[in-house]
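Undergrad: The structure is given below, and queries will be raised subsequently.
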Amino acid sequence: MNSPAHDLDSLLPRLGELRGALAQAVVGQQDVVEQLLIGLLAGGHCLLEGAPGLGKTLLVRSLGQALELQFRRVQFTPDLMPSDILGTELLEEDHGTGKRAFRFQQGPVFTNLLLADELNRTPPKTQAALLEAMQERTVSYAGTTHVLPAPFFVLATQNPIEQAGTYPLPEAQLDRFLLHVRVDYPSEAEERDILAQTTGSSGGAVLKVMDADAVKALQAAVREVHVGADLLTWITRLVRASRPGDGAPAEVNNWIKWGAGPRAGQSLVLASKARALLHGRFAATREDVQALAAPVMRHRLLLSFAAEAEQKGADDVIAALLRAVPYPA
């Protein structure tokens, strides 16, 4: 590739500054922060899942503060309507001529960074309002297509779907998320730091360290990161092996009803490139793929009844895939 390092010398250090800015507001959760930054660099959307009170909203809000991007938050509730997200047409009268005309009033989706808080608290009709925006970066209303600002990044949070009052996201919408990020409970030391940090009088605003042009330049650089032919072959085989059928690992045939599609392979390649750049490398490695296989694929696998009966999850299948599919010799 044409030496990207020359153009990125001033940008790559700012990724470290971005991590530092987030660490000022969020205790621990290094893996979660890294995966969010990978989603940002790859130009994809992230779905954060975890129990209430683990700092999901705080983390996303802090990222919005650290980036000099337009940031909006939508609290998803059972009574939220699609027009509350996308916008609506208003009938306006020109006081000079008396003529009336419709004008499209943009909704909160017209932003750079959209926090869709508790996305699974709203019914499927409203969830689906984000589908076109997430895939095409446009909103169609009354026969007119409106282009969203660039960059456009959706960070959605959800509580575990077995909790009361939630609506599981449809597979078509889950597939639009580049990464499904699991937010776990903090360690004892981290939880102690959280208690000390959040119950005192200290705490200021998160420093802004990056603007839209820098984000777009880094996203363009991700596309230039090298992926070797062997690595590309391995990613292809991993994704194809997730589909039940002849030649699939036994765990897949036993525990998977529907495997990952080609978009999973595209996402794994892009996410691996972004992780490589985040670590200061211009070539993706097996380590990048291994680190991101679960976040990329866990929401794209439909488990069978046998898996639920044996208390097996998508991460168990992905671990089996990484063991069963050898790297090309």
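The working numbering numbers the first residue of the sequence shown as 795 and each following residue consecutively.
Glycine residues also receive a C-beta, built at the ideal position from the N, C-alpha and C atoms.
1. Would you call G858 buried or exposed, if buried means 16 or more other Cβ atoms sit within 10 Å of its Cβ?
2. What residue range is occupied by the uninterrupted alpha helix (DSSP H) comprising F1099?
3. Alpha carbon to alpha carbon, how far is E1104 from M795? Give it in angstroms, no decimals.
4. Counting only runs that start and end within the stretch 852-932, where is the beta strand (DSSP E) found for 3 or more residues in a row?
5. A1054 by DSSP, collapsed to three states: which one?
6. If you pair each beta-carbon of the stretch 1024-1039 with each one of the stretch 976-994, do three or more pairs fall below 8 Å?
7. How big is the Cα-Cα spacing for S797 and A1023?
8. Can you list, in chain order, the residues of its chain whose CB lies under 8 Å from that of N914, leaving out five sequence neighbours each side?
9. Applying the criterion that 16 or more other CB atoms from any shown protein chain within 10 Å of the CB defines a buried residue, is Q864 buried or exposed?
10. For F1127, is the classification buried or exposed, using 16 other Cβ atoms within 10 angstroms of its Cβ as the cut-off for buried?
11. Is it true that the CB of A1085 sits closer than 8 Å to the CB of F1076?
12. Closest to L861 by C-alpha separation, out of F1099, D911 and L1001, would be which residue?
13. Do you know how far the Cα of V1019 is from the Cα of A1114?
14. Anyone know if the C-beta pair for P945 and G837 falls short of 8 Å?
15. Do you know how far the Cα of E926 is from the Cα of T932?
16. I'd like to check one pair, V1009 with A1068: are the Cβ atoms closer than 8 Å?
17. How far does the beta strand (DSSP E) with A950 in it extend, from its first residue to its last?
18. So what's R1094 in DSSP terms, helix, strand or just coil?
19. So, with DSSP's three-state summary, where would you put A1077?
20. When we look at the beta-carbon of A950 and count the other beta-carbons within 10 Å, is it buried (16 or more) or exposed?
21. State the DSSP-derived secondary structure class of P798, mapped to helix, strand or coil.
22. For V975, which beta-bridge partners are listed by DSSP?
23. Just how far apart, CA to CA, sit H974 and Y1121?
24. Rounded to whole angstroms, what's the CA-CA distance from V1111 to D825? Just pull it up for me.
25. With a threshold of 6 Å on Cβ separation, who are the neighbours of Q900 within its own chain once the five nearest residues in sequence on each side are excluded?
26. Leaving out the 5 sequence neighbours to the left and right, which residues in its chain are closer than 6 Å to A799 when beta-carbon positions are compared?
27. Compute the beta-carbon to beta-carbon distance between V868 and D911, rounded to the nearest angstrom, for a pair I have assumed lies under 8 Å.
28. State whether the stretch 817-835 contacts the stretch 1048-1060, with contact taken as three or more CB pairs (one from each stretch) at a distance under 8 Å.
29. Taking T960 as part of the alpha helix (DSSP H), name the residues at either end of that continuous run.
30. Between H839 and P918, what straight-line distance do the alpha-carbon atoms span, to the nearest angstrom?
31. Roughly how many angstroms lie between the CA atoms of L1116 and A819, to the nearest whole one?
32. Assign A936 to one of two classes, buried (16 or more other C-beta atoms within 10 Å of its C-beta) or exposed (fewer than that).
TA: Let's see:
1. By 1-based counting over the sequence shown, the position of residue 858 is 64. Its Cβ being crowded by 16 or more others within 10 Å, G858 is buried.
2. By 1-based counting over the sequence shown, the position of residue 1099 is 305. Looking at the DSSP string, the run of the alpha helix (DSSP H) that includes F1099 is F1099 to A1103.
3. For the purposes of this step, residue 795 is identified with residue 1 of the sequence shown, where counting begins at 1. For the purposes of this step, residue 1104 is identified with residue 310 of the sequence shown, where counting begins at 1. Caution applies to M795, whose pLDDT of 45 falls short of 50 and renders its modelled position unreliable; the model cannot decide the point.
4. 865-869, 881-887, 894-900 and 907-911
5. Numbered from its first residue, the sequence shown carries residue 1054 at position 260. Coil.
6. no
7. The residue labelled residue 797 in the question sits at position 3 within the sequence shown. The residue labelled residue 1023 in the question sits at position 229 within the sequence shown. The predicted position of S797 is uncertain, since its pLDDT is 41 and thus under 50; no value can be drawn from it.
8. Translated into the one-based positions of the sequence shown, residue 914 becomes position 120. Excluding positions up to five away in sequence, the list reads F870, Q921, Q952, N953, I955, T960, Y961, P962 and L963.
9. On the sequence shown, residue 864 is found 70 positions in, with the first residue counted as 1. Classification for Q864: exposed.
10. Nothing about residue 1127 can be read from this structure; the chain reaches only from 795 to 1123.
11. Counting from 1 along the sequence shown, the entry for residue 1076 is found at position 282. Counting from 1 along the sequence shown, the entry for residue 1085 is found at position 291. Contact flag unset, no.
12. Walking along the sequence shown from the start, residue 861 turns up at place 67. The option with the nearest alpha carbon to L861 is L1001.
13. Here residue 1114 refers to the residue found at position 320 when the sequence shown is read from its first residue. Here residue 1019 refers to the residue found at position 225 when the sequence shown is read from its first residue. Going by the C-alpha atoms only, they are around 28 Å apart.
14. In the sequence shown, residue 945 corresponds to position 151, counting from 1. In the sequence shown, residue 837 corresponds to position 43, counting from 1. Closer than 8 Å, so yes.
15. Taking the first residue of the sequence shown as position 1, residue 932 is located at position 138. Taking the first residue of the sequence shown as position 1, residue 926 is located at position 132. Computed Cα separation, rounded: 6 Å.
16. In the sequence shown, counting from the first residue as 1, residue 1068 sits at position 274. In the sequence shown, counting from the first residue as 1, residue 1009 sits at position 215. Contact: no.
17. Here residue 950 refers to the residue found at position 156 of the sequence shown. From DSSP, the beta strand (DSSP E) with A950 extends over F947 to Q952.
18. In the sequence shown, the residue the question calls residue 1094 occupies position 300. Note: R1094 maps to helix in three-state DSSP.
19. On the sequence shown, residue 1077 is found 283 positions in, with the first residue counted as 1. Strand at A1077.
20. As a position in the sequence shown, residue 950 is number 156, starting the count at 1. Result: buried.
21. Taking the sequence shown and counting its residues from 1, one reaches residue 798 at position 4. Any reading at P798 must be qualified, since the residue scores a pLDDT of 44, below 50, and its modelled position is unreliable; the value itself is stated next. Note: P798 maps to coil in three-state DSSP.
22. Walking along the sequence shown from the start, residue 975 turns up at place 181. DSSP output for V975 lists L842 as bridge partner(s).
23. Along the sequence shown, one-based indexing puts residue 974 at 180. Along the sequence shown, one-based indexing puts residue 1121 at 327. So the alpha carbons of these two residues sit roughly 24 Å apart.
24. As a working note, residue 1111 is residue 317 in the sequence shown. As a working note, residue 825 is residue 31 in the sequence shown. Going by the C-alpha atoms only, they are around 21 Å apart.
25. Against the sequence shown, residue 900 aligns to sequence position 106. So the qualifying residues of the chain are G881.
26. Residue mapping note: residue 799 aligns to position 5 of the sequence shown, counting from 1. A caution first: A799 carries a pLDDT of 42, below 50, which makes its placement in the model unreliable, though a value can still be read off. Result list for A799: empty, nothing under 6 Å.
27. As a position in the sequence shown, residue 868 is number 74, starting the count at 1. As a position in the sequence shown, residue 911 is number 117, starting the count at 1. Confirmed, Cβ separation roughly 7 Å.
28. no
29. Against the sequence shown, residue 960 aligns to sequence position 166. T960 -> no alpha helix (DSSP H), and no H or E assigned at all.
30. The residue labelled residue 839 in the question sits at position 45 within the sequence shown. The residue labelled residue 918 in the question sits at position 124 within the sequence shown. When rounded, the distance between both Cα atoms is 18 Å.
31. Along the sequence shown, read from residue 1 onward, the residue named residue 1116 stands at position 322. Along the sequence shown, read from residue 1 onward, the residue named residue 819 stands at position 25. Taking the straight line from one Cα to the other gives about 35 Å.
32. As a first step, residue 936 must be located in the sequence shown, where it is residue number 142. With fewer than 16 other Cβ atoms within 10 Å, it is exposed.
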